[in-house]
Amino acid sequence: MRQGPAIPWFYLLPALMVMTFFIVYPMITTVYLSFTDRTGQAPVSNTCVEGQPCWGIFENYRYTLTQEMDTSSPGALWTSFWRSSFGNNIKWIVFMVTAAVALGLLIAVLADRVPYEPVAKAVIFLPMAISFVGAGIIWRFVYDYGSTQTQIGLLNAIITRLGGQPVAWIPTPGVNTFALIVVGVWIWTGFCMTILAAALKSVPDEVLEAARVDGANEWQVFSGIMVPIIMPTITVVITTMVINTLKLFDIVYVMTGGNYGTEVIATRMYREMYLNYNVGHGTAVAVVLVVVILPFVYLNIRRFLEQEADR
Amino acid sequence: MNPPPTAGPKLPGFARFLRRLPLHLVIIGITLIWIIPAVGLLITSFRPSQDINTSGWWTVFTPTVSGSPAYDSYCAACHGPSGQDVPSADLTDRALVDKYPRSLQLLAMLRKPLADGTPHIPGGQYPNAQEAADLTEHLRALAGKETQAAFTLDNYVDSLMGYRGTSSYRQVCAAGNPPLDITCTAADLLNPRGMGRAFVNSLLVTLPATLLPILFAALAAYAFSWFDFRGRQLIFAILVALQVVPLQMTLVPISRLYAQLGLNGTFIGVWLFHTGFGMPYAIYLMRNFIGALPRDLFESAYLDGASHWTAFYRLAIPLALPAVAALAIFQFLWVWNDLLVALVFLGGNRPVMTYQISNMVTSIGAGWHLLTASAFLSMLLPMLVFFAFQRYFVRGMLSGAVKG
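Just so you know, the protein sequences line up as chains A and B, in that order.
Every letter in the first sequence is one number past the one before it in the working numbering, and letter 175, counting from 1, is 175.
Every letter in the second sequence is one number past the one before it in the working numbering, and letter 181, counting from 1, is 181.
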């Protein structure tokens, strides 16, 4: 139907207004603020001190990228990098995304073959419905470490029952990040499973049957037919999960508060901004976070454009 | 050439079961690993706080019946199996047992030497915390006192009312000496430290922050689907890109602006923020649905003289109800479960449930009896929504991108 040129904009106006005000404007302002000092009022280059390293207007970025690093020797740099928020985020991406996608795929493939499929899937999907805060409490309790002989945390109770020494999961650096990653896997596997299961339903049964008739075993059917067909979906799940992981804040905040060497980029941004009250540092961390996310956003948008072309 | 396929011999039931056993083990095993931590939380939230800290939640499945191993190894030799062999310390005497209501007092007494200077327990081998708890329980049974119930609702009452202390809300109110911020009336349900107040606040935040984006997104999605205007594709592509902007990127300028406008700590500030931030995903989801409705339907409506506005609310909205439902559930869960936005814009001013719980963990260090009950209270509504509308939830998730 024909319409006046202004009509569509009336429908779009409320949405575009709130988006401009709450996403576009703050994004631009955040970039601007990352070049200012702790108050956000003056350029950060004013804070440079003679004789100390300073990147001028990019000083906040120098701080963001190097503050956690020990540059005294290559070895120290390597070690300190893996303890920094960046190193921790890489651990999260590598281990959590791999585990969640692999487990999600495993369940999506296997659960189809048992009669209690809906129950199993609902249970695994359930953590998606509850908050990260709630999940954090659930797992803090599992990881509880008793100084007395009675362990009320399930994990340590199992370890002591098997004759081992209980472990203080949360405060022990090196162990704790992986303990938190398990929580992430617990939450996100349901998401991966659901999307992958939907993709698997689109694999034609005749193709699978034909392969089985030709003598392919189940593993060959899985790796040679199912995986290649749903590969685009697997890629989407992986990129989405990487983006989710990079933005992850609540689990770390509730379980360790970013202490004991578990800090990630998102909790660091919160600390710089709302605990140290440093506008320049906080916004610079946020910008670095976005820059890290950008390649994955690009992948997702390319996929979107391909989809649109198919419509 | 492949040999012609031969129909596999029909396996008898048992052999078939054995062959599929690994499959069942994997699926059931994973399911159990997923559900057990949550079950532990649920069970713990109903246990008396004293029990929570002295025994694992799984012990509720193996209740210690009469005849306690701890009593047999530490006490029975002198006091005898019935507890009456030492006349000066008759363990069936209620007044005596009442002096040691908890394992701590009992242990302290046991560690003191007897009147003649010899250790209370010969050999100096004292019970550990778990055994001491068993002993207290057993002594109560010997003295004929009814043992403490294994389950209680006290944790939920304490959590709702914001009561924190060694006894429970019901006890201090019955005794008539509550702390200053507890009045022992229905007003306690709105005590700012409690989950009752937080529940109300969460609802007040979530409902408008769910409805507003749906309304705006439906309008915009209709425009993207059935209007022709310059820049339609471009704006929509930008919108898709905006979906992945991290929350962290927008917090600082908005909280600075809110500080100037006096919107920090107000509901309206959070509603607007969630509306703006949820908009790209909401429009994307709605457009995918409304755009997929049959074109003929709209063409004939326009031919019949329907205006765009009529077509929007008489045709598009009713037909897009599944998408509206999916979006509503998504946005509801997102806002209800959000911590970061509530932390930054509301804080302790208007505590919502996630804030209240994280505060218990990070600043107060509340006990497990409060944490477990509070966590479960905060999950109640999301789980109801989830089980009631699982279908829509999954559909919303499958329809493309995922916000964050």
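All C-beta atoms in this analysis are idealised placements derived from N, C-alpha and C, irrespective of residue type, glycine included.
Point to revise | Assumed close pair proline 318 (chain B), threonine 275 (chain B) - CB separation to whole angstroms, cut-off 8 Å | key: Taking the second sequence and counting its residues from 1, the one referred to as residue 318 (chain B) is at position 318. Taking the second sequence and counting its residues from 1, the one referred to as residue 275 (chain B) is at position 275. With 8 Å as the limit, proline 318 (chain B) and threonine 275 (chain B) do not qualify as a contact, their Cβ atoms being about 23 Å apart.
Check your understanding: Looking only at C-alpha atoms, which of B:Ser159, B:Phe345 and B:Leu106 sits nearest to glutamine 260 (chain B)?
Key -> Your numbering for residue 260 (chain B) matches position 260 in the second sequence. When each option's Cα is compared against that of glutamine 260 (chain B), the closest is B:Phe345.
Practice item. Determine the contact status of glycine 56 (chain A) and valine 279 (chain A), defining contact as a CB-CB distance below 7 Å. Key: Taking the first residue of the first sequence as position 1, residue 56 (chain A) is located at position 56. Taking the first residue of the first sequence as position 1, residue 279 (chain A) is located at position 279. No, the pair does not count as a contact, with Cβ atoms beyond the cut-off.
Check your understanding: Just checking, does the segment 163-173 of chain B make contact with the segment 298-308 of chain B on the three C-beta pairs under 8 Å criterion?
Key -> no
Practice item. Please determine, among A:Gly153, A:Gly75, A:Phe304 and A:Val254, the residue with the shortest C-alpha to C-alpha distance to threonine 354 (chain B). Key: Residue mapping note: residue 354 (chain B) aligns to position 354 of the second sequence, counting from 1. If we check each option's Cα against that of threonine 354 (chain B), A:Val254 comes out closest.
Review point. Assuming tryptophan 336 (chain B) contacts leucine 381 (chain B) under a Cβ cut-off of 8 Å, what Cβ separation, rounded to an integer in Å, is found between them?
Key: Numbered from its first residue, the second sequence carries residue 336 (chain B) at position 336. Numbered from its first residue, the second sequence carries residue 381 (chain B) at position 381. Indeed, because the Cβ distance is near 7 Å, the residues count as touching under 8 Å.
Review point. Does the distance from the CB of tryptophan 92 (chain A) to the CB of isoleucine 181 (chain A) come in under 7 Å?
Key: Position 92 of the first sequence holds residue 92 (chain A). Position 181 of the first sequence holds residue 181 (chain A). Contact: yes.
Exercise for review: Please go through the same chain and pick out, in chain order, the residues whose beta-carbon is closer than 8 Å to the beta-carbon of alanine 100 (chain A), but skip the five residues on each side of it.
Suggested key: Stepping through the first sequence from its first residue, residue 100 (chain A) is reached at position 100. Result list for alanine 100 (chain A): Gly184, Val185, Trp188, Thr189, Phe191, Cys192 and Met241, in chain order.
Practice item. Kindly say whether glycine 282 (chain A), judged by its beta-carbon, lies nearer than 7 Å to any beta-carbon of chain B. Key: Here residue 282 (chain A) corresponds to residue number 282 of the first sequence, with the count starting at 1. Yes, glycine 282 (chain A) counts as interfacial toward chain B.
**Study point:** Rounded separation between leucine 104 (chain B) and leucine 110 (chain B) - CA only
**Key:** By one-based count along the second sequence, residue 104 (chain B) stands at place 104. By one-based count along the second sequence, residue 110 (chain B) stands at place 110. Answer to the nearest angstrom: the Cα atoms are 10 Å apart.
Exercise for review: Would you list the one or two residues that DSSP bridges to threonine 36 (chain A)?
Suggested key: For the purposes of this step, residue 36 (chain A) is identified with residue 36 of the first sequence, where counting begins at 1. Answer is A:Pro43.
Point to revise | Interface residues of chain A facing phenylalanine 413 (chain B) [CB-CB closer than 9 Å] | key: Lying before the first or after the last residue shown, residue 413 (chain B) is absent from chain B, which here runs from 1 to 404.
Practice item. Look up valine 245 (chain B) in the DSSP assignment and say whether it is helix, strand or coil. Key: Here residue 245 (chain B) is taken as the residue at index 245 of the second sequence, counted from 1. DSSP places valine 245 (chain B) in coil when its eight states are reduced to three.
Point to revise | Within chain B, the residues that proline 8 (chain A) reaches when beta carbons sit closer than 7 Å | key: Residue mapping note: residue 8 (chain A) aligns to position 8 of the first sequence, counting from 1. Under the 7 Å cutoff, chain B gives Ala223, Phe227 and Phe229.
Review point. Hey, methionine 405 (chain B) and methionine 19 (chain A): beta-carbon distance below 7 Å or not?
Key: Since the displayed chain B opens at 1 and closes at 404, residue 405 (chain B) lies outside it and no answer follows.
Review point. Any C-beta of chain A sitting closer than 7 Å to the C-beta of serine 358 (chain B)?
Key: The residue given as residue 358 (chain B) occupies position 358 in the second sequence. Chain A, which has a Cβ nearer than 7 Å to the Cβ of serine 358 (chain B), makes this yes.
Review point. Can at least three beta-carbon pairs, one atom from the segment 95-115 of chain A and one from the segment 218-236 of chain A, be found at a separation below 8 Å?
Key: yes
**Study point:** Nearest-angstrom Cβ-Cβ length linking valine 97 (chain A) and threonine 245 (chain A), presumed shorter than 8 Å
**Key:** Along the first sequence, read from residue 1 onward, the residue named residue 97 (chain A) stands at position 97. Along the first sequence, read from residue 1 onward, the residue named residue 245 (chain A) stands at position 245. Confirmed, Cβ separation roughly 6 Å.
Review point. Is there a Cβ from chain A that is less than 7 Å from the Cβ of isoleucine 27 (chain B)?
Key: Within the second sequence, numbered from 1, the residue matching residue 27 (chain B) stands at position 27. Closer than 7 Å to some Cβ of chain A, the Cβ of isoleucine 27 (chain B) qualifies, so yes.
Review point. Relative to the C-alpha of glycine 196 (chain B), which residue among B:Gly396, B:Ile357 and B:Thr31 is closest?
Key: Reading the second sequence from its first residue, position 196 is the one you call residue 196 (chain B). Comparing Cα-Cα distances from glycine 196 (chain B) to each of B:Gly396, B:Ile357 and B:Thr31, the minimum goes to B:Ile357.
Exercise for review: Please name the residues in the segment 263-277 of chain A whose beta-carbon is closer than 9 Å to at least one beta-carbon of chain B, in chain order.
Suggested key: Ile265, Ala266, Met269, Tyr270, Met273 and Tyr274
**Study point:** Backbone secondary structure at isoleucine 121 (chain B) - three-state DSSP
**Key:** The residue given as residue 121 (chain B) occupies position 121 in the second sequence. Of the three classes helix, strand and coil, the one that applies to isoleucine 121 (chain B) here is coil, per DSSP.
Practice item. Determine, using beta carbons only, whether serine 378 (chain B) comes closer than 7 Å to chain A. Key: Reading the second sequence from its first residue, position 378 is the one you call residue 378 (chain B). Judged by the 7 Å Cβ criterion, serine 378 (chain B) is in contact with chain A.
Review point. Applying a beta-carbon distance threshold of less than 9 Å, which residues of chain B neighbour leucine 105 (chain A)?
Key: In the first sequence, residue 105 (chain A) corresponds to position 105, counting from 1. Under the 9 Å cutoff, chain B gives no residues; its nearest Cβ is about 12 Å from leucine 105 (chain A).
**Study point:** Option in B:Leu114, B:Ile121 and B:Leu107 with minimal Cα separation from asparagine 128 (chain B)
**Key:** The sequence position of residue 128 (chain B) within the second sequence is 128, counting from 1. That would be B:Leu107, whose Cα lies nearest to the Cα of asparagine 128 (chain B).
Check your understanding: Of all the CB atoms in chain B, is at least one closer than 7 Å to the CB of proline 26 (chain A)?
Key -> Taking the first sequence and counting its residues from 1, one reaches residue 26 (chain A) at position 26. So, interface residue.
Review point. What residues in its chain sit with their C-beta under 6 Å from that of tryptophan 368 (chain B), if we drop five residues either side in the sequence?
Key: Taking the first residue of the second sequence as position 1, residue 368 (chain B) is located at position 368. Counting only Cβ-Cβ distances below 6 Å, and skipping sequence neighbours, we find Ile52.
Check your understanding: Would you call the CB atoms of valine 142 (chain A) and proline 37 (chain B) closer than 7 Å?
Key -> What you label residue 142 (chain A) is simply residue 142 of the first sequence in a count that begins at 1. What you label residue 37 (chain B) is simply residue 37 of the second sequence in a count that begins at 1. A contact, by the Cβ cut-off of 7 Å.
Exercise for review: Would you verify that the beta carbon of tyrosine 11 (chain A) is, or is not, closer than 7 Å to some beta carbon of chain B?
Suggested key: For this step, residue 11 (chain A) is matched to residue 11 along the first sequence. At least one chain B Cβ lies under 7 Å of tyrosine 11 (chain A).
Check your understanding: Taking Cβ to Cβ, would you say threonine 267 (chain A) is nearer than 7 Å to phenylalanine 249 (chain A)?
Key -> Here the question's residue 267 (chain A) lines up with position 267 in the first sequence. Here the question's residue 249 (chain A) lines up with position 249 in the first sequence. Contact flag set, yes.
Check your understanding: Between the beta-carbon of tyrosine 222 (chain B) and the beta-carbon of alanine 326 (chain B), is there less than 7 Å?
Key -> In the second sequence, residue 222 (chain B) corresponds to position 222, counting from 1. In the second sequence, residue 326 (chain B) corresponds to position 326, counting from 1. No, the pair does not count as a contact, with Cβ atoms beyond the cut-off.
Point to revise | First and last residue of the uninterrupted alpha helix (DSSP H) at glutamate 117 (chain A) | key: Position 117 of the first sequence, counted from the first residue, corresponds to residue 117 (chain A). First-last of the alpha helix (DSSP H) with glutamate 117 (chain A): 117-125.
Review point. For aspartate 205 (chain A), does the three-state DSSP call read helix, strand or coil?
Key: The count along the first sequence starts at 1 and reaches residue 205 (chain A) at position 205. Three-state result, aspartate 205 (chain A): helix.
Review point. Got a sec: is the Cβ-Cβ distance from phenylalanine 216 (chain B) to anything in chain A below 7 Å?
Key: Within the second sequence, residue 216 (chain B) is the residue found at index 216, counting from 1. For phenylalanine 216 (chain B), the answer is yes, since a Cβ of chain A falls inside 7 Å of its Cβ.
Exercise for review: Determine the burial state of serine 82 (chain B): buried for a count of at least 16 other Cβ atoms within 10 Å of its Cβ, exposed for fewer.
Suggested key: Reading the second sequence from its first residue, position 82 is the one you call residue 82 (chain B). Exposed.
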